[in-house]
Structures are given as C-alpha cells and as structure tokens.
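Peer 1: Residue numbers (the working numbering): 1418 to 2286. One structure is given below, represented as structure tokens, and several questions about it will come after.
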Amino acid sequence: MRLAPMKAIQQLQLEVLQKFNATQLQPSDCKDLSVVVRDATGKIVSETTIKRFFGFAAQTFNFSVYTLNALSEYAGFQNWEFFLEHYRQQQSPQKEFHPKWKEVKSKTGKISFYTAEAIKNNCGMEFARTTVRTDVIPFRHFLESDAAVSVILGPGGSGKSISLVQAVESFWLNESCLCPNDICLFVHLHQLNTLVNRGFSMEDWLDNQLNLGGGENILDYFEANATEKDGRFVLLVDGIDEKVIAADKLRIIYAKLMDLVFSRARTPWLKVILAARPEAWNALYTPLGIHGSATWPPPQEERVEQPESVQVFALPPLSPPEVGEVLRNHGLPDETVATLSDAFIRLLEFPPFLQLTCSLMDTPAFPLIHEESLIHRVIGHYIRGKVMNSPDYGLKMAILRRIMDDTQNLKMKIPPGQVRLFSGDMRVQEAYRKLLTDHVLEEDNHEGQRSIPVKRVHFHNEYVARFFIATFCLSSHNGELTPELFQDLLSGGTYCPDQTGVLQWVLLYAIDQGAYDAIGRLFCQVVPLSRKALLFEFLLVQPSTDERYTRLLQQLLEDAAFKAYFLRNFLCYEAQGNRKGFLYKPLMRILTRDDDRAAVACAYFLTALHQLDGATIDTQVALLRSMAPPLNREGSALQPSELCLFIYQCLMGKTPDPLTRSKIDQFEEYMVLSDHTILSLKDELNVYLLITCALLLGEYKHLERVTEYIFAEIPSLKMRSHDPFRLLALVVKARFYLYEEDDEAYTRCLSHVENVLRSESPVDGARIVSMCLYQVKTVRLLMNGQYDKMLESVHHIQSLAKPARFNLMDHWCYQMESTAYLALRKQKLSMLAEQEADKIRQRFPFHILPPLEFQGQSEDVSVKRAINH
C-alpha cells in the first residue's frame, strides 16, 4: 500500500477525537477507544494500534488498510478511500476541464451509464439493495500504480459485474466521485463484436464509438497535446467469458485489447480493467499459473507472481456481514438477521442463492418459511434452472449418476467420487464443465495431482447432494411413492447417506404431487421419535393452503406418544433462528384440543418474555383470556394460563390477583401432576412459570421448594442425567444455595451440570442451560469482586443470548457489564453498557422488566446494584 499522507492521518485523528467526544487523547483512553470502535463498526483495532495511530507508541511500519478503514468508518465515512478523497477535495478547488477532454468525458459518460444500467436491471435484485464492495478490490492502488491492466477474477455469479458498476459509480460517474478528472469508458464484451465482424483495431473502435470527427485518433491527440489531458483514460470491459462469445472470437478481442495496451507502453495514463472467469482468463493468459484448475482461488502454492504490467485480483466471496447487509436491505430486521445460523449464512455467500432468497423475501409466504424450508426452496429452484430445465439435461444427469455409481462410500454427508472424462466425448465434457461452472459439482484438488482422466469430485454442498440422491431414489422406483421406496430410504439403501435430509426432499416431492396418503404411510415407518419430529416440523412450516394437507398434519398428531414428544420439544426449543416463532402459528392452526392450544400459547408467552417482545406478550394474553374458562376458582388446580396472567399483571404494574398469589405460595396443594414418571408439557410449564413468579415476587426460597417437590414427585428424574429440565432444576438449586451461602451444595450442583454439558452426548436445550449456568457463576464472581473474570462470563452469555434473541438476558448482561466497569473505574465503558441496556429497556412497553435475579440479598453495594437491575 502506498504511504498514507501524514496530513490526512492528522485530519483523521481529529475526526476520531470529535466522534469520541474528546479534545485530547491520553494513553489510558486507548483501550476504551478500541472497545468503542469495535462496538460501532464491528472491526477490531487493538489498543496498541490505537496508541501507534495517535503517536503514543513507535510507528515502525505503515498503517494497514483495515485499520484506516475501521477508523474512517468510526469517524462517519464509508472507508479510508472516501475519507482521503473528501480530504483532498477540501484541500484543492474544483478543476475546470479542457474542451476536448470535456467532450470525450461527456460521450464516454453516456456509454458507461447505459452499460451500468443494463447490469443493474439484470442483477437479480434491486441494485440499491446490494452490498457495496468497492473496498474489497484495490482500484485505487491499481490506478496509481505502473500497471496497465487489472483483471478481476471470479466464478460465474460471484458478483464481478455488480462490483464493477459500484466502482464505476464511486470513482467516475457520481457527482461526488473519487476520480472526477478521469475519463471512464465502461462496456460489456458483446459491445466489442465489431473488432471481429469489421476487423477494427481497438483504437479504430474507440474513434468510431466516440466520433470526435476530423479523423482524429483520441489517444494520439492527447499524447501529442498533453496539456489538454486532465486525468487518466480508464477502459473497463465486463464479461470476459466463453459463454458470452465464442472462444475463437474471445481470443481475437483479447489480442486486440492487449495490442492497444502494449503498443501504448509509454502512455501511463491509459488503464484497462477486465472482469473474467478464471477458466476463461487462464485460457487467454498462460502466465496466470493455475494449471487448468477449476477451483478458484487457486491454492497458495500454485500461485505465481504476475508481471508488473498486469495485475490479477481474485474477487473474494461475500462475507457474513455483507450477506447480512443485503438481507437487511430487503427489509429483514436486525434482530432477525442476528438469529440466522452460520451454516445458513455460508450458503447465502453464494450470490445466486442470495438472489433467490431475496426474491422469496419479497413474497407474502416468506414470514412462514424458516431456514430449513427456505434453503430447500432456494436450492430446489436453482437446481431446476441449472440442470432439470437445461437443454443438456440428459447428459448432466448421466454424469451425476456415474458419480454416484463410482462412489464407494455413500454414507458421507457430501458423497465424494471419481468422475471419468468419458473417453473424449466433447458433449459430455462440455456438460461436465457446466456442472462445475454452475457450482453443482466441485473438483477436489487438495490431495495432490491425479492422473488424467480421473479426478476427485463432490457436490457443491450437502443439500445439493441430498437433492440428487432423492431424485435418483425416486427414479429407481419410477417416481412412485411406494412402500418399497420408503423401506429403501429408511434402511440406508443405495443412495441414502443421510436419511432425514433425503426424506425432506422426498416429502417436498410428495407435497408437490399432492400425495398426502403416501406421507402418512411414510410416517408410520419412521423411527425414532426424534427423526419423526424433525420431519413433522419440516412439514409444518410448508406454506400450503390445501385443506387436505391440514387434515394430514392433524392425523399425524393423533399419535398420543408422538404428540406429547413434539409438544414437549416445542417448549424446549431454543429461539435460534426464531424457530419457535415459525412453528407457533401453523401448530396452533392444526391443534384441536383447547388444553393443547393453551399449553402452546403459554410456551410461546414464555419465549416472548425472554425476548422482551411486548406485542407478542399482549397477543398471547388476549388469546389465553379468550379460550380459557374462568380461572382462580378456589380449590381448582393450578393452570399455566393462570400463572401467565399473573405474570402479565405484575409486568403492567397492577396489583396481582390475591387468589393466584395464594396458590403460588401453597403450590404443593394445587399442583396436580398428570404422570409421576415423566413431566407433561403442562407440568413443565407450571414449573417454569412458578420460577418466573418467584423471581417477580422476590421469593427466592420458592426455588428450593419447587425443585425439591419435582424431584420428590418424579424420582426417575434424578436418573435422567441429560434431561434439560433436570439440568435447569439443578442450576436453580445452585442459585438458591448461592444466596444461602452454602458453597459446598452450590459447587456440587454446578459441577455436575458442567460435566454433563462437557460430555460427548448432546443435550437438548444446551444453550439455555449454559446461559443459566453462567448467569449464576457471574453473580458469584461479582460477589467475590473478580470483575475481569466476571466480564468474561458476561461476554460468554451474550454470545449465547444474542443469536437466540434473548433480550432479557442481554439486558441483564449489559447491566452486569456496567457494574463491573464501574467497579474497575472505567466510567466511559460503564456508561456505554448502561446506554445499551437502556436501548433494550425502551423497546419493552411494560411497567417493569421481568427480573433475572433477586432483590436485597447482599449488603454489598455493587452486588445490590446488580441484583436490583
């Protein structure tokens, strides 16, 4: 990177100080500023770097682009380049162009504008909603270097064209562009056809397009009249690809482009930027050195240094923040984007998948689609377009079938195989190349060179693999949903490495065919209940309005054992990806019993309470009041809906019902367990709601009574070590022992829970158990004055709470963080944490927040402050 101007650095220092609300920075403030920059931009600039930037430490090398971008963004600019141009424009007045340069600039501007508009109209989504990527391509570095050509490489659909349009607008076309003095000519490859059809040279083509008259050669004119040249002449060509134009014509156009560049070797103000696919560029420019690899970018050991006159840059894939930005641009709320899983975001880093997702987001059905369903819809649509509806469908399917047949171990998630190149059959080789280009298949070159014509190959991702496994299984049974097909799938037959994933594609096929009876027969054969629950959830979120489909779902829930298992799981569902929210409405639509509907409504009320979702809380309370019989009758059993209404009254700041309060105080007399071997959904809800009521009332001794009652009434619960309810009950007991100062019992309970969580066996609801565990440990650290460890524990809780949208826990974490920073005498960080907590509090419309701790249990002032919060 070129050396950043010192005066610009000094100006950026002033901008950062102004944003930090400080006139002068002290070395002790650098750590706080580092934290503030991280929170504001999401980029990490270390305390040491901050000290070097402000001169408190020796600067032994130039500042990185990452550091300058982060500080510029914090100061209110898009990145360092935009700040630098802003600074330069302030230092120098606007320049008046020479007439000839102005005339050429006007004509090229019109051509570039229409080229950009054509790309915008075909980019697959509204262009204004795309993510800006001008900072990931070093345009400025190329323009100021001695290189004549810059090549941007990326696979098809990676966003090269969109990135070029953004660069053209940012650097040359906008009113506040970065390089207003340059001439920019932006064209697509097909606009250069006359180089072949009429035998034009590139210079003739430029003269013909710009039509200055008098037979003048534009480049010769400005080379001879250097005083009339006000900037650079930049030519951008998009679409260097054999799919756009025949390979022989592509070579001719490329040769004439290079003739233009290298015949003007002494014209440093002429710059050419090309956008190409790696395989096309590799065929045109041999020194690229990727040895015909279809994998891009090439492995580090295969890369070679490029000649100075040609710079080659591989466009990086979309990053998770960029994917999130596009989704937010399409109306997805920040809190929803934060809940998306890492696996889902990784899939959307492939631009065609992101485009299809955004198109689905614009449809009314999108709110009913959760991640798993959305992924299947996107990939199904993409595969149908690239394979099923393509002219060479038969050849592609034969290749995929061969890959399946050649694979020895098909029980892996992504089946690897060996593909033979079919004895030089050009049509098959072309179909195979398209499968690679369209990211249906990928070649594996990480195991060293292999003898031709055999290569390792695998599917682009596991969803694509399952799609074709399901397709071939169906084709082997003539597309009929027979018992033999189901038996083949469930027994792990020829093409069935992942039964649940493949069955989901088969279920989608059955829904499209309207074969609801076949779905019912399949469910009769599925075991265990955990797999059946996953498949039922997948069916539940499909946006179907067919009444027969609704009756099918109701029939599947007629199995009492399965319904009890599924509804109990619904209560334990973590909010990752708003999973419970997606299931709630369709589940309420198919439930027929009032007690089942009330239990599901209460479970969703609890989730809304943790997420501080006031609107949902109001809706659930209204629903409970409308479908529940008169409550609070003396002598009646304690109902979950009764406890929900009691909690709601407390949240509204009203006097709670005294009869319900009496039942809570004497819950042992009013709790009627339906089964003494396992807790039903109603029983679990009663326990969770009783604990919440105890927190609201400040009756921490109720926790001990509730947990002892449950363990006494259901002795087998003690033996189910991985039951999430049992683990939560032990954490609640540990919380009670903490305030009773019974260190031995406290340590015994938490140690057991930690050991279970660390075991290899998975624990359902592990996220919730872990959050509650670390919450109790955080309070213990606060009581002991171990503030640094307390902050580590708080940050760990936040990492679990934010993706699950547990805003109540997040609010508590910010309050504890504020307390710790205050104790460490870091008033500014304490104030920032307090502000974040206030932002959450302001979104909650009720009189009080549901507490997560008890009041007044310690004489220590700092502990009291944390507990009261």
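Glycine included, each C-beta is placed from N, C-alpha and C at the ideal position.
Do the segment 1554-1574 and the segment 1687-1698 make contact, defined as three or more Cβ pairs closer than 8 Å?
Peer 2: These segments touch.
Peer 1: How long is the line joining the alpha carbons of S1575 and E1897, rounded to whole angstroms?
Peer 2: So the two alpha carbons sit approximately 38 Å from each other.
Peer 1: Check whether the segment 2215-2234 and the segment 2019-2029 are in contact - that is, three or more C-beta pairs closer than 8 Å.
Peer 2: The segment 2215-2234 vs the segment 2019-2029: in contact.
Peer 1: Under DSSP, the beta strand (DSSP E) around Q1728 begins and ends at which residues?
Peer 2: Counting along the chain, the beta strand (DSSP E) containing Q1728 begins and ends at V1727 to A1731.
Peer 1: What is the DSSP secondary structure of L1677, counted as helix, strand or coil?
Peer 2: Here L1677 sits in helix by DSSP.
Peer 1: Spell out a yes or no on whether the segment 1875-1882 and the segment 1853-1861 are touching, meaning 3 or more CB-CB pairs, one atom from each, closer than 8 Å.
Peer 2: Touching, per the Cβ criterion.
Peer 1: Specify whether the segment 2153-2162 and the segment 2132-2143 touch according to this definition: at least 3 beta carbon pairs, one from each stretch, less than 8 Å apart.
Peer 2: With the cut-off at 8 Å, the segment 2153-2162 and the segment 2132-2143 do not touch.
Peer 1: Quick one: Cα of E1464 to Cα of D1929, how far?
Peer 2: Taking the straight line from one Cα to the other gives about 57 Å.
Peer 1: Report yes if the C-beta distance between L1951 and C2019 is below 8 Å; otherwise report no.
Peer 2: No, they are not a contact pair.
Peer 1: Beta carbon of L1609, beta carbon of I1657: below 8 Å?
Peer 2: No, they are not a contact pair.
Peer 1: For the putative contact between K2219 and A1755, defined by C-beta atoms under 8 Å, what is the C-beta separation to the nearest angstrom?
Peer 2: Contact flag correct, Cβ pair sits at about 6 Å.
Peer 1: How do the segment 2230-2237 and the segment 2247-2255 stand: do at least 3 beta-carbon pairs fall below 8 Å, yes or no?
Peer 2: At 8 Å Cβ cutoff, the stretches touch.
Peer 1: Have a look at the DSSP bridge pairing and note the partners of E1860.
Peer 2: DSSP output for E1860 lists V1874 as bridge partner(s).
Peer 1: Among V2193, E1645, S2216 and E1789, which one has its Cα closest to the Cα of E1954?
Peer 2: Residue E1789 is the option with its Cα nearest to E1954.
Peer 1: Would you check if there are 3 or more beta carbon pairs closer than 8 Å linking the segment 1954-1971 to the segment 2067-2078?
Peer 2: Short answer: they don't touch.
Peer 1: Select from A1882, V1881 and L1924 the residue whose C-alpha is nearest the C-alpha of L1902.
Peer 2: Ranking the options by Cα distance to L1902, first place goes to L1924.
Peer 1: Is it true that the CB of V1549 sits closer than 8 Å to the CB of W1698?
Peer 2: It is not a contact, given that the beta carbons lie outside the stated cut-off.
Peer 1: To the nearest angstrom, how far is the alpha carbon of H1793 from that of F1999?
Peer 2: One C-alpha to the other measures close to 16 Å.
Peer 1: Looking at C-alpha atoms only, which residue of N1625, M2200 and C2166 is the closest neighbour of E2189?
Peer 2: In the sequence under discussion, the amino acid at residue 2189 is Cys, which differs from the Glu named in the question. For C2189, the nearest C-alpha among the options comes from C2166.
Peer 1: Could you tell me the alpha carbon to alpha carbon distance between V1452 and K2245, rounded to whole angstroms?
Peer 2: V1452 and K2245: Cα-Cα distance of roughly 10 Å.
Peer 1: Where does I2095 sit, in a helix, a strand or coil, going by DSSP?
Peer 2: DSSP places I2095 in coil when its eight states are reduced to three.
Peer 1: Below 8 Å, how does it come out for the segment 1731-1748 and the segment 1770-1778: are there three or more Cβ pairs, yes or no?
Peer 2: Yes: at least three Cβ pairs fall under 8 Å.
Peer 1: Would you mind sorting N1486 into buried or exposed? The rule is 16 or more other CB atoms within 10 Å of its CB.
Peer 2: It counts as buried.
Peer 1: Classify L1732 as buried or exposed, calling it buried when 16 or more other Cβ atoms lie within 10 Å of its own Cβ.
Peer 2: Classification for L1732: buried.
Peer 1: Along the beta strand (DSSP E) that carries F1603, what are the first and last residues, could you check?
Peer 2: Taken as a continuous stretch (DSSP letters only), the beta strand (DSSP E) holding F1603 covers I1600 to H1605.
Peer 1: Let me know the secondary structure DSSP gives M2248 once reduced to three states.
Peer 2: Three-state result, M2248: helix.
Peer 1: Tell me the rounded alpha-carbon separation between Q1736 and G1811.
Peer 2: Strictly speaking, residue 1736 in this sequence is Ser, with Gln absent from that position. For S1736 and G1811, the distance between alpha carbons rounds to 36 Å.
Peer 1: Under DSSP, the alpha helix (DSSP H) around F1889 begins and ends at which residues?
Peer 2: Run containing F1889: E1879 to S1893, per the alpha helix (DSSP H) assignment.
Peer 1: Say the cut is 7 Å; is the CB of A1882 nearer than that to a heavy atom of the ligand COA?
Peer 2: What this structure holds is no ligand at all, so the ligand COA is not there to describe.
Peer 1: CB E1803 to CB A1848, shorter than 8 Å?
Peer 2: Just to set this straight, residue 1803 is Lys in the shown sequence, not Glu. No, they are not a contact pair.
Peer 1: Pop quiz: L2041 and S2053 are said to be a contact at Cβ under 8 Å. What is the actual Cβ separation, rounded to whole angstroms?
Peer 2: The pair is not a contact, with the Cβ atoms about 16 Å apart (cut-off 8 Å).
Peer 1: For I1669, which of L1652, V1613 and S1758 has the nearest alpha-carbon?
Peer 2: Nearest C-alpha to I1669: V1613.
Peer 1: With 16 other CB atoms within 10 Å as the buried threshold, where does L1581 fall?
Peer 2: Under this definition L1581 is a buried residue.
Peer 1: Extract the residue ranges of the beta strand (DSSP E) inside the segment 1998-2035, only unbroken runs of 3 or more that lie entirely within it.
Peer 2: Taking only runs of at least 3 residues, no beta strand (DSSP E) segment lies wholly in the segment 1998-2035.
Peer 1: When we look at the beta-carbon of Q1921 and count the other beta-carbons within 10 Å, is it buried (16 or more) or exposed?
Peer 2: Buried, by the Cβ-count rule.
Peer 1: So, using beta-carbon positions, are T2124 and K2150 closer together than 8 Å?
Peer 2: Cβ distance < 8 Å, so T2124 and K2150 count as in contact.
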